[in-house]
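A.B. asks: When you read off a place in the sequence shown, starting at 1, and then add 13, the result is the number in the numbering used here.
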Amino acid sequence: MIEQNVKNILAGIGTNPYGEKVTLVAAVKTQSPQDINRAIHAGITHIGDNHVQEFRDKYDLIEGHPVRHFIGHLQTNKIKYLIGKTDLYQSVDRFELADELSKRSARAGITSDILIEINVGCEESKSGFDYEEGFAAYSKIKELPALRIRGLMAMLPFTDDESILRPLARKMRVLYDGLRKTDGNICYLSMGMSGDYKLCIECGSNMVRLGTSIFGARNYN
């Protein structure tokens, strides 16, 4: 099942309407190393972790050297376990996190790539900078050493109502395009999960984070 799911998704996502290749990140929360490796052998080249403990437990068991993303909410005191092992921090949702990540990266002598998380739906249950703060957050974080801003990340509201989702997804593309005009390092708009990724790609996302579509429904036991 996993192998066929990966094959089908990779064949279907291709490029977005802007002609940009869409990167598929497998969201591997709760998945066994064996199933993650099955997905990698089937063609997955990017994987995203949500929890630091899972990341640490499975790190040496993952085959194929995929690009490693951290896509979950990150506490500042857990950054030390990810430094030098994470290729892209997608969920930089507050300045305090960016500042600590900058300090830890500088001490390690590396530059860490990040995405700024935007709470585009203004949902109290989700973290991230308000949409209207996007440019200001970028400008402030841009001044920190040892970080390289690569783009934006967003989670749309959990609804099937496209009249709600499409305007929000398009707003994210507007913000992304505005930042990209001023910074050549900006190249990722990470937006779209298993329930809405096709809509997000249609609206300009060039990176999607899929778990259920690849692995099936999660088992939290």
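Quick reminder that beta carbons are idealized off the backbone N, C-alpha and C, glycines included.
Keep in mind that this is a model prediction, so the values were computed, not measured.
1. Could you check where the beta strand (DSSP E) with Q103 kicks off and where it finishes?
2. Please return the same chain residues whose Cβ sits closer than 6 Å to the Cβ of G205, not counting the five positions on each side in sequence.
3. Which partner residues of M166 appear in the DSSP bridge assignment?
4. Secondary structure at M220, three-state DSSP: helix, strand or coil?
5. Does the beta-carbon distance from E109 to T124 come in below 8 Å?
6. Would you check if the distance between the CB atom of M166 and the CB atom of S207 is smaller than 8 Å?
7. Since G147 is in the alpha helix (DSSP H), which residue starts that stretch and which ends it?
8. Which word fits S45, buried or exposed, when buried means at least 16 other C-beta atoms lie within 10 angstroms of its C-beta?
9. For A149 and D70, what's the separation of their Cα atoms in angstroms?
10. Indicate whether the contact test is met: 3 or more Cβ pairs, each with one atom in the segment 152 to 162 and one in the segment 117 to 137, closer than 8 Å.
11. Would P158 be called buried (16 or more neighbouring beta carbons within 10 Å of its own) or exposed?
12. Residues in the same chain with beta-carbon distance under 6 Å from R183, minus the five sequence neighbours each way, listed in chain order, please.
13. Which of helix, strand or coil does DSSP assign to T36?
14. Could you tell me the boundaries of the beta strand (DSSP E) in which L25 lies?
15. If I measure Cβ to Cβ from G134 and keep anything under 7 Å in the same chain, skipping five residues before and after, which residues do I get?
16. Taking G224 and A40 to be in contact with their CB atoms under 8 Å, please state how far apart those CB atoms are, rounded to whole angstroms.
17. Name the two residues that bound the continuous beta strand (DSSP E) containing I60.
18. Distance, Cα to Cα, A55 vs R81?
19. For a quick check, are the C-beta atoms of S140 and H64 less than 8 Å apart?
20. So for H86, helix, strand or coil by DSSP?
C.D. replies: In terms of the structure at hand:
1. 101 to 105
2. The answer, listed in chain order, is C213, S218, V221.
3. E130, S203
4. strand
5. no
6. no
7. 147 to 155
8. exposed
9. 37 Å
10. These segments touch.
11. Around the beta-carbon of P158, fewer than 16 other beta-carbon atoms lie within 10 Å, marking it exposed.
12. Result list for R183: C216, in chain order.
13. strand
14. Note on identity: in this sequence residue 25 is Gly, with Leu being the wrong assignment. Segment 15 to 26 is the alpha helix (DSSP H) holding G25; no beta strand (DSSP E) there.
15. Excluding residues within five positions, the ones whose Cβ falls inside 7 Å are L169, P170, L181.
16. 4 Å
17. 59 to 62
18. 17 Å
19. no
20. coil
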